[in-house]
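J.:
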Amino acid sequence: MLTVNNPKTFDWANMSLSDCLEGNAADSYFTLKIFDLIFDKLKEMRMGPILTELIMPALPMFVEMEHRGMEVSEDQLQVVGKQLRHMNIHEEDLLYSFDEVQSEDNLSSNNDLIEILYTRETAFELYPPDRTAKGTPSVSAPTLKLLLSQIEEELKKRV
Amino acid sequence: MSKWNHRDEGKKISESVLAGKSTEELRNSQKFIKSLLDLRKSQKLEKTYIKGTTNAIEYNEQPKVFVDYRFDGTATGRLSCAAYSAKKAMGVSFHTLPRETKNNIRSLFVSPKGYKFITIDYAAMELRVLAHIAKEGNMQKAFNEGADLHTYTARLLFNKQNITKSERQIAKTVSFLIVYGGGPFNLAETTGISMKRAEQIIKNYQRVYPGIFEYMEFVNNYIKTNKYAYTIFGRRRNLPDVDSKDFKVVNRALRQGLNFTIQSTASDILLCGLLGAHRRLREEGIQAYPVATVHDSIEVVCKEEDLSKCLEILYDELVNYPFMKEKFNIHFDVPMKIDAEVGISFGEGKEVSFNNGVPIL
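Just so you know, the sequences run in chain order A and B. Just so you know, the working numbering puts 94 at position 94 of the first sequence, and the rest follows in order with no gaps. Just so you know, the working numbering puts 256 at position 256 of the second sequence, and the rest follows in order with no gaps.
Next comes the structure, spelled out in C-alpha cells:
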C-alpha cells in the first residue's frame, strides 16, 4: 500500500478503516494512471492479450485463494513434528558417536565443523575442496556434497 | 590467481588427500558427511515447516496458513509463492515444500471436513512445450504415441531396444540439460560418465532431435538481434546482457532466453487451465475451489459428492485446454497429459486414471 512505509513490519491487523480506505484509494488511483500509461505500449509490443485475457482475470481467483487459505491438520503437525524431532536427535547421536567428534563440539558451528573435517589432527583431516569468499574452508552443503562425491569416486576406483 | 583457479586447485588437492586415505577412513568420512547432510536437511524441515506452520497458525488464530502469490516474482513470468506476511509470517511457501521425504510434510495441509483434496500435475510439461515450439518431429511422435519419452529417447540415442535404468536416466538428464543450455561437461558431471562418452551422447542427441538444435539456434540469433526473447503467449523477457563483452555473461543471457521461452509458456498453460477450470466449476455450481498452485501442479479441494464431475472438468480444462484455444488460439501439436491424485491431504493421495476424460473412481 502506497501509504505504508514498511509493509513487512506494519501492523496490518490494527490498521484503522479510514487509513485502509485512504491507502486503497491511493493504490487504485495510481494503478489506473500507470495502466493508462503502459497499456498502449504493451499493445504495441503485442503483450495486450497476456494482460487482459490471462493476468487480469486470474487476479480475483488468486485473491480468493489467498483469502481462503489452506487448512492445516494440527494432529498431523504434531505427528510429523515429533517424527522430525526424533530423527534429528537420532542423527545427532549418530554424529556424536564418531571418535572424531568431541562431546563439546557444536555441530551447528561452522568453526567446529572446520576443525572436525579439516584441521584437527585427531579428526578426519580432509582437505576443503572449496572456500568461502573470505578464504575460510567451506562447510556449506554444496561443498560437503562435492567432498562426498570425491570420496565416492575414490572408493569406486578401489573396487 | 582467479577465484576459479583457487577452486580447481582446492578440488585437486582434496582429491589427492583422499587418495592417500585408507578405504576404512574414506568409508568413515563418507558416513559422517552423509549423516551431517541428513541432519541439516531434517533440521531445516523442522524449522521451516513445523515451526513455521505452528507459528503461523498461532498468529492466524485458526488452523490455516495463508500465502501470497506473485505474478512479478520471477523473471520468467512463473508464479512465485511466499508466506503471507503481516508483521509475522501467516504461512509457509508451498513452492519449496519437499515432494518426497521420510516425513511427509505435505500431509500437514488438508482438505476441510467433507471435502477431498485433488492434486493434478502436468506430466513432462516443459518437454511437451519444447517439442511443440521447436517443431521437433521425433519428439512429437513419441508424445503422440504415448510413449515414455525418456525410454524412447534412450532407444534412439543408444540405437537398441532394451534399455537399462541408467541409460534411461542418461537420456532424461540430457533432455533437461539441453533445454537449460548444458553441454557434455554438465552431462559427465551429473551422470558420472566420461567426457568422451558425454560428447558422443550429445552428438547422438543432435542427430535424434535435430529440431531442438535448430530451435536453439533460432532463439539465440533472435536474442542477439532483438535483445529479447518472446513466448507463444506474447510474453517478453528483455536480455540486454547479450551485448556484453564478457562471453560468459552473453551465454548466460542466451541460456536465460531459451529457458524463458519454455518455462514461461509452461507456466501460462497451467494458468490458462486453472483459470478455465475455476470458471467452469463456478458456472456448473460445483462445490470445489483451487487452494494452491505449485510449479506444474494445481491443488483443488472439492465436496465429496461433486468429486467425479470436478475431476471431469479439471481433466477437460487441463488436457483439452478450451480456455487457451479460445483466448489465445493456441493448439498444441502434442497431447497434454496429467497425473491426478485424490485424498484428504496435499501429500497423501491415490492415483486416479481417466477413461475418455471420465475419472475411474
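We put the beta carbon where it would ideally sit given N, CA and C, even for glycine.
#1: Under 8 Å, do Leu95(A) and Leu107(A) count as touching if we go by C-beta distance?
#2: For Phe71(B) and Met56(A), I'd like the C-alpha separation in whole angstroms.
#3: Would a check of beta-carbon distances place Ser16(A) closer than 8 Å to chain B?
#4: Nearest to Ala229(B) by CA position, among Ile262(B), Ala89(B), Arg280(B) and Gln140(B), is which residue?
#5: Quick one: measure Cβ to Cβ for Ile232(B) and Thr265(B), integer angstroms, because I've assumed they're closer than 8 Å.
#6: Alpha carbon to alpha carbon, how far is Leu126(A) from Arg158(A)?
#7: Looking at the secondary structure, which residues open and close the alpha helix (DSSP H) in which Arg99(B) lies?
#8: Can you check which of these residues, Cys272(B), Ala340(B), Lys327(B) and Asn320(B), is closest to Ser372(B) by C-alpha distance?
#9: So, with DSSP's three-state summary, where would you put Asn6(A)?
#10: Please list the residues of the segment 102-121 of chain A that have a C-beta atom closer than 9 Å to any C-beta atom in chain B, keeping them in chain order.
#11: Mind checking if Phe260(B) is an interface residue toward chain A, Cβ cutoff 8 Å exclusive?
#12: Roughly how many angstroms lie between the CA atoms of Phe35(A) and Glu44(A), to the nearest whole one?
#13: Can you name the residues of chain B whose CB is closer than 8 Å to the CB of Thr9(A)?
#14: Going by the DSSP bridge assignment, what does Met70(A) pair with across the sheet?
#15: Please identify, using Cβ separations under 7 Å, the residues of the segment 35-51 of chain B that lie next to chain A, in order along the chain.
#16: Which same chain residues, not among the five before or five after Met324(B), have their C-beta less than 6 Å away from its C-beta?
#17: Please report the distance separating the alpha-carbon of Asp316(B) from that of Gly357(B).
#18: According to the neighbour-count rule (16 or more other Cβ atoms, all chains shown, within 10 Å of its Cβ), is Val139(A) buried or exposed?
#19: Could you compute how far the alpha carbon of Lys248(B) sits from the alpha carbon of Asn226(B)?
#20: What residues are listed by DSSP as bridge partners for Glu351(B)?
#21: Quick one: residues in its chain with C-beta nearer than 7 Å to the C-beta of Trp4(B), no 5 flanking neighbours on either side, listed in chain order?
#22: Below 8 Å on the Cβ atoms is my contact criterion, and I expect Tyr115(B) with Lys350(B) to pass it. Report the Cβ-Cβ distance as a whole number of Å.
#23: Does Asp246(B) pass the burial test, meaning 16 or more other C-beta atoms within 10 Å, or should it be called exposed?
#24: What are the residues in the segment 56-80 of chain B lying within 7 Å of chain A by C-beta distance?
#25: Between the Cα of Lys88(B) and the Cα atoms of Ile105(B), Phe109(B), Leu108(B) and Tyr59(B), which residue gives the shortest distance?
#26: Give me the chain B residues within the contact set of Glu91(A), using Cβ-Cβ distance strictly less than 7 Å, ordered along the chain.
#27: Using CA atoms only, rank isn't needed, just tell me which of Tyr84(B), Arg78(B) and Ala75(B) is closest to Gly69(A).
#28: Any beta carbon from chain A within less than 8 Å of Glu24(B)'s own beta carbon?
#29: Taking the alpha-carbon of Ser80(B) as reference, which of Arg27(B), Glu299(B), Val294(B) and Ser353(B) has the nearest alpha-carbon?
#30: If you check the beta carbons only, do Gly81(A) and Ile170(B) fall under 8 Å apart?
#31: Taking Gly69(A) as the query, report the chain B residues whose CB atoms sit under 7 Å from its CB, ordered along the chain.
#32: In the DSSP assignment, find the alpha helix (DSSP H) that holds Ala142(B) and state where it starts and stops.
#33: Taking C-beta pairs closer than 9 Å, name the residues in chain B that Pro49(A) reaches, listed in chain order.
#34: Cβ closer than 9 Å: which chain B residues qualify as neighbours of Glu44(A)?
#35: Hey, is the segment 148-155 of chain B in contact with the segment 187-204 of chain B, meaning 3+ C-beta pairs nearer than 8 Å?
#36: What residue range does the beta strand (DSSP E) around Met238(B) cover?
T.: In this structure, then:
#1: Taking the first residue of the first sequence as position 1, residue 95(A) is located at position 95. Taking the first residue of the first sequence as position 1, residue 107(A) is located at position 107. Yes. Within cutoff.
#2: If you number the second sequence from 1, residue 71(B) lands on position 71. If you number the first sequence from 1, residue 56(A) lands on position 56. Taking the straight line joining both Cα atoms gives about 10 Å.
#3: Here residue 16(A) refers to the residue found at position 16 when the first sequence is read from its first residue. For Ser16(A), the answer is no, since every Cβ of chain B falls outside 8 Å of its Cβ.
#4: Stepping through the second sequence from its first residue, residue 229(B) is reached at position 229. Answer by Cα proximity: Ile262(B).
#5: What you label residue 232(B) is simply residue 232 of the second sequence in a count that begins at 1. What you label residue 265(B) is simply residue 265 of the second sequence in a count that begins at 1. About 6 Å separates the two Cβ atoms, so the contact holds.
#6: Your numbering for residue 126(A) matches position 126 in the first sequence. Your numbering for residue 158(A) matches position 158 in the first sequence. Roughly 18 Å separates the two Cα atoms.
#7: Here residue 99(B) corresponds to residue number 99 of the second sequence, with the count starting at 1. Counting along the chain, Arg99(B) falls outside any alpha helix (DSSP H), and DSSP gives it neither H nor E.
#8: Because chain B is modelled from 1 through 361, residue 372(B) falls outside the range shown and cannot be assessed.
#9: The residue given as residue 6(A) occupies position 6 in the first sequence. Three-state DSSP puts Asn6(A) in coil, outside helix and strand.
#10: Leu107, Ser108, Leu113, Ile116 and Leu117
#11: The residue you call residue 260(B) lines up with position 260 of the second sequence. Answer no: the Cβ-Cβ gap between Phe260(B) and chain A never drops below 8 Å.
#12: Indexing the first sequence from 1 puts residue 35(A) at position 35. Indexing the first sequence from 1 puts residue 44(A) at position 44. Approximately 14 Å, taken between the alpha carbons.
#13: As a working note, residue 9(A) is residue 9 in the first sequence. Under the 8 Å cutoff, chain B gives Lys87.
#14: Against the first sequence, residue 70(A) aligns to sequence position 70. Looking at the DSSP assignment, Met70(A) forms a beta bridge with Val65(B).
#15: Ser35, Leu36, Leu37, Asp38, Leu39, Arg40, Ser42, Gln43, Leu45, Glu46 and Ile50
#16: Translated into the one-based positions of the second sequence, residue 324(B) becomes position 324. Only Cys272 and Ile330 meet the Cβ criterion.
#17: Residue numbering aside, residue 316(B) sits at position 316 when the second sequence is read from its first letter. Residue numbering aside, residue 357(B) sits at position 357 when the second sequence is read from its first letter. Taking the straight line joining both Cα atoms gives about 7 Å.
#18: Taking the first sequence and counting its residues from 1, the one referred to as residue 139(A) is at position 139. Flag for Val139(A) reads buried.
#19: To locate residue 248(B), count along the second sequence from 1; it is residue 248. To locate residue 226(B), count along the second sequence from 1; it is residue 226. If you take the alpha carbons of Lys248(B) and Asn226(B), they lie about 19 Å apart.
#20: Mapped onto the second sequence, residue 351(B) falls at position 351. BP columns for Glu351(B) point to Glu341(B).
#21: For the purposes of this step, residue 4(B) is taken as residue 4 along the second sequence, with counting starting at 1. In this prediction, Trp4(B) scores a pLDDT of 48, lower than 50, which makes its location untrustworthy; the coordinate-derived value is nonetheless stated afterwards. Taken in chain order, the list of residues that qualify is empty.
#22: Along the second sequence, one-based indexing puts residue 115(B) at 115. Along the second sequence, one-based indexing puts residue 350(B) at 350. So it is not a contact: roughly 16 Å between Cβ atoms.
#23: Stepping through the second sequence from its first residue, residue 246(B) is reached at position 246. Exposed: under 16 other Cβ atoms inside 10 Å.
#24: Ile57, Pro63, Lys64, Val65, Phe66, Val67, Asp68, Tyr69 and Phe71
#25: On the second sequence, residue 88(B) is found 88 positions in, with the first residue counted as 1. Nearest option by C-alpha distance: Tyr59(B).
#26: Locating residue 91(A) in the first sequence gives position 91, where the first residue counts as 1. Per Cβ cutoff of 7 Å: Ser35, Asp38, Leu39 and Ser42.
#27: Against the first sequence, residue 69(A) aligns to sequence position 69. When each option's Cα is compared against that of Gly69(A), the closest is Tyr84(B).
#28: Position 24 of the second sequence holds residue 24(B). No, because no Cβ of chain A sits closer than 8 Å to the Cβ of Glu24(B).
#29: On the second sequence, residue 80(B) is found 80 positions in, with the first residue counted as 1. Considering only alpha carbons, the answer is Val294(B).
#30: Translated into the one-based positions of the first sequence, residue 81(A) becomes position 81. Translated into the one-based positions of the second sequence, residue 170(B) becomes position 170. Taking 8 Å as the Cβ cut-off, Gly81(A) and Ile170(B) do not qualify as a contacting pair.
#31: Your numbering for residue 69(A) matches position 69 in the first sequence. In chain order: Lys64, Val65 and Phe66.
#32: Taking the first residue of the second sequence as 1, we reach residue 142(B) at position 142. Gly137 to Asn144 is the extent of the alpha helix (DSSP H) around Ala142(B).
#33: On the first sequence, residue 49(A) is found 49 positions in, with the first residue counted as 1. Residues of chain B passing the Cβ test: Phe233, Gly234, Lys327 and Phe328.
#34: Indexing the first sequence from 1 puts residue 44(A) at position 44. Here the premise fails: no neighbours, minimum Cβ distance about 12 Å.
#35: no
#36: By one-based count along the second sequence, residue 238(B) stands at place 238. Note on identity: in this sequence residue 238(B) is Asn, with Met being the wrong assignment. Where Asn238(B) is concerned, the enclosing beta strand (DSSP E) stretches over Arg236 to Asn238.
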